[in-house]
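The opening position of the sequence shown corresponds to residue -9 in our numbering, with each subsequent residue numbered one higher.
Cβ atoms here follow ideal geometry from the backbone N, Cα and C, with glycine treated the same way.
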Amino acid sequence: MKSTKPPSTVPGHKQADILLVDDDDLVLRAVERILVTGGYTVVKAYDGQVATREAMSGNYGVIVSDIHMPGVKGTELLDVLRSYGNDVPVVLMTGSPTFETARDAVDLGAVTYLTKPIDRDALLRAVSRARKIVRKPRPSLPEIDQAASFERAMDSLWMAYQPIVSMTAHGPIAYEALVRSQEPGFLGPGPLFAYAEKAGRLPDLGRKIRQLCATAVTEVPDGMMLFVNVHADDLSDVELFSPLSPLSEHADRVVLEITERGAIEEVRDVVDRVTRLRALGYRLAIDDLGAGYAGLSSVAMLEPDFVKLDMSLTRDLASSPVRMRLVGSMVDACRDVGMRLVAEGVETVQELRALCELGCDLLQGYHFARPSPDFVHVTTSL
């Protein structure tokens, strides 16, 4: 079960040779075994937000991180560390290498870029090389400067839109709004939410995002919906439930996509709150189905209109008979109870064909379009 809080077994200032980050438990354990047998001590983090806090508070010789993760991606983790003056060497891993991620990794100063399945000798060579790098520590930004940087990020927020396409409709049926800023260190949602959570600014960030989305929804092509990410903490914000809020005016065209599922159980009267949102006209989505107990329990408790299939299941789907059966079962289960399943992270033709073979109609990912300031129209075909 993923959480926004560090695992209780990981003290806030624990020192180890390596901080290992991956949201896929099987990969995490396999890479951990390689590193431990290589003589290194390892602390694990299961998502990018946990890793960001751990990396900033701990003292690690190397960070080994997956690139494709919910919340804070590996490249975003590297970006925020560098912006705060943390020059710990970072080795990035990916199961879906692309030119863009390789370029970003190089631009941000990653030591190297490894592809999955991870080769044992290549990993150990990369870590050994990283540990030999002479670090030139720069002072971290004082808290007052971090706060000022976050305020500049808030002032420069903008939304990017990625289409959610239907294979049967041969094009988009919705767009997901993804927050961005122009402030270094806060370019994507991961660093923004990590700092906002630490500084008690989640309500301010959530309201600003919803305000931007309220303006954008009037530009969404006719007949299409806008998916707006809502942090679990936003479910305790009275502004979200006001019929007079900017977004409520367009509720019939908005799908509220709840993120940070691990925190849902901490929200008081969450089912009643969701019922009130539906009464305003909103539809509901939950992300990362298949990522663990939290995903399944949230779906059962909230009965959303849409569920997002965790991208760890989408990745290289056709090469795994076990994941093919799991995803097929999820597609059938969602259809049986009247929920619509969206497969995220579709990047290759092989993944697209495997999902279509399993009857998954709604898809999202770089195969169709990257997030853009514009509502990009795409045509779907096999």
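Here Val32 is not near Leu16, since their CB atoms are 7 Å or more apart. One thing to note: His160 has its Cβ within 7 Å of the Cβ of Thr370. DSSP places Glu209 within a helical segment (H, G or I) once states are collapsed to three. Under DSSP, Ser156 takes part in a beta bridge, and its partners are Gly161 and Leu352. Of the residues Leu234, Val80 and Ala143, the one whose Cα lies closest to the Cα of Ser118 is Val80. Cβ-Cβ distances below 8 Å link Val336 to Thr304, Leu342, Leu345, Leu353, Gln354, Gly355, Tyr356, His357 and Phe358 in the same chain, with the five nearest sequence neighbours on each side left out; the list follows chain order. Our two residues, Leu147 and Gly178, have alpha carbons roughly 10 Å apart in a direct line.
Here DSSP, grouped into helix, strand and coil, assigns Leu299 to strand. As computed with DSSP, Ala333 is found in a beta bridge with Leu299 and Leu353.
Taking 7 Å as the cut-off, the Cβ atoms of Leu331 and Val297 count as close. Counting other Cβ atoms within 10 Å of its Cβ, Gly29 stays below 16 and is therefore classed as exposed. According to DSSP, Val52 shares a beta bridge with Ile8. A contact is defined here as three or more CB-CB pairs under 8 Å, and the stretch 288 to 302 meets this definition with respect to the stretch 243 to 250. DSSP, reduced to helix, strand and coil, places Ser232 outside both helices and strands of the structure shown, so it counts as coil.
By the Cβ neighbour-count rule, Val289 is buried, with 16 or more other Cβ atoms within 10 Å of its own. Rounded to whole angstroms, the Cβ separation of Met149 and Ala206 is 6 Å, and the two are in contact under 8 Å. Shortest Cα-Cα distance from Asp109 to any of Glu44, Ser310, Arg23 and Val155 involves Arg23.
In this structure Val210 is in contact with Phe365, their Cβ atoms being roughly 6 Å apart against a cut-off of 8 Å. In the three-state reduction of the DSSP assignment, Thr249 falls in the strand class. Of the candidates Met215, Ala222, Glu239 and Pro361, the residue whose Cα lies closest to the Cα of Ile163 is Met215.
Taking a C-beta distance under 7 Å as the contact criterion, Ile57 and Val78 do not qualify as a contact pair. Judged by DSSP secondary structure, Ala275 falls within the beta strand (DSSP E) whose first and last residues are Arg273 to Leu279. In the three-state reduction of the DSSP assignment, Leu182 falls in the helix class.
Taking a 10 Å sphere around the C-beta of Val21, we find 16 or more other C-beta atoms and assign the residue as buried.
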